Amino acid sequence: MDWLDEELKQALARKEPGADFDARVRRKLVRTTPRWLAAAAAVIVIAGGGALYRRHQGEQAKEQVMLAVRLTGAKLNRVQVHVQALGERQ
Amino acid sequence: MKIAVLGCALAAALFAQQFKFNLDHLAPKASEKVDLSLSADLLHFAANFLDTGDPDEAKVKKLVGGLQGIYVKSFEFKKEGQYTKGDLDQIRNQLKAPEWQRMMGFESSEDRETVEVWVRSENGKMTGLALLATEATSLTVANIVGSIELSSLSELGGHLGIPKLKKK
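Taken in order, these protein sequences are the chains called A and B.
Those letters in the first sequence? Residues 1036 to 1125, per my numbering, in order.
Those letters in the second sequence? Residues 303 to 470, per my numbering, in order.
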């Protein structure tokens, strides 16, 4: 089993990091953080935009309903006014 | 599965527009036009945005609660004679008994204005309303699908620019 001990010793032996190890880690951190932030910001913007768009659609639908009720209500009211006037005359 | 699909199709057919307007050929002649097709989904979606704190919107919200659709086509013309009797008759011909009953109508020769109202009922329950209104230079057709309380509509008197009916 000596060969295994040797292999393990070599594998687990302390190794000094390369000269640029620290710089590489820092670079990676700097690069990773803005990406994460950008993704989060994108999610917020998309979700916010979606909510705004939905609200806009809702307001448009509301205006259409109000217009439809206004048009039909006005015409029905014309008939009712006429019928009522006839009733009052009789 | 087939029964479910058929059921959905039947439900969709029941809640869809109940007669055809066939008035698209008038659109190019009109100076102003309104074309509204509000399905049940759209009505319920819109209802979420109606403010119950506002008297007008509260009444409309109550009114549309029982509806499955509102379909309106309205045309304003710059000159007379832009629509024909045939345009009106092809609508009237679809509104036949036993489903449709002409409920009321009036004709003013002075104002050259007519308004006709039909109601659709199934199993003794009102399921729709048709409205055909004409003036010399305008034409409005509407189909309100669903259980509509005419009293709710008259409650709109004094609101939305509709004159309030006097009560005796």
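Glycine residues also receive a C-beta, built at the ideal position from the N, C-alpha and C atoms.
Please read all numbers here as calculations on a predicted model, not as lab measurements.
Assigned secondary structure, residue i (DSSP; H/G/I helix, E/B strand, else coil)
i: residue 1081(A); result: helix
i: residue 319(B); result: coil
i: residue 396(B); result: coil
i: residue 382(B); result: coil
i: residue 451(B); result: coil
i: residue 416(B); result: strand
i: residue 1050(A); result: coil
i: residue 325(B); result: coil
i: residue 1107(A); result: helix
i: residue 1102(A); result: helix
Interface flag, residue i vs chain B, CB-CB below 9 Å
i: residue 1087(A); result: no
i: residue 1124(A); result: no
i: residue 1058(A); result: no
i: residue 1102(A); result: yes
i: residue 1084(A); result: no
With 16 other Cβ atoms within 10 Å as the buried cut-off, status of residue i
i: residue 324(B); result: exposed
i: residue 1120(A); result: exposed
i: residue 990(A); result: Any property of residue 990(A) remains undetermined from this structure, which presents chain A solely from 1036 to 1125.
i: residue 412(B); result: exposed
i: residue 312(B); result: The pLDDT assigned to residue 312(B) is 47, lower than 50, so where the model puts this residue is not dependable; a value taken from the coordinates is nonetheless given after this. Under this definition residue 312(B) is an exposed residue.
i: residue 1060(A); result: exposed
i: residue 1081(A); result: exposed
i: residue 1113(A); result: buried
i: residue 1107(A); result: buried
i: residue 372(B); result: buried
i: residue 1040(A); result: exposed
i: residue 429(B); result: buried
i: residue 1115(A); result: buried
Residues that DSSP places opposite residue i in a beta bridge
i: residue 377(B); result: 335(B), 441(B)
i: residue 405(B); result: DSSP lists no partner for residue 405(B).
Chain A contact for residue i (CB, 9 Å cutoff)
i: residue 379(B); result: no
i: residue 444(B); result: yes
i: residue 393(B); result: no
i: residue 349(B); result: yes
i: residue 430(B); result: no
i: residue 308(B); result: Low local confidence applies: a pLDDT of 49 at residue 308(B) is under 50, so the model's placement there is unreliable, and no value is given.
i: residue 435(B); result: yes
i: residue 326(B); result: no
i: residue 389(B); result: no
i: residue 323(B); result: no
i: residue 338(B); result: yes
Within 9 Å, strictly: CB atoms of residue i and residue j
i: residue 337(B); j: residue 329(B); result: yes
i: residue 439(B); j: residue 381(B); result: yes
i: residue 1100(A); j: residue 362(B); result: yes
Interface residues of chain E facing residue i [CB-CB closer than 7 Å]
i: residue 344(B); result: Judged by its chain identifiers, the structure shown contains no chain E, and its protein chains are A and B.
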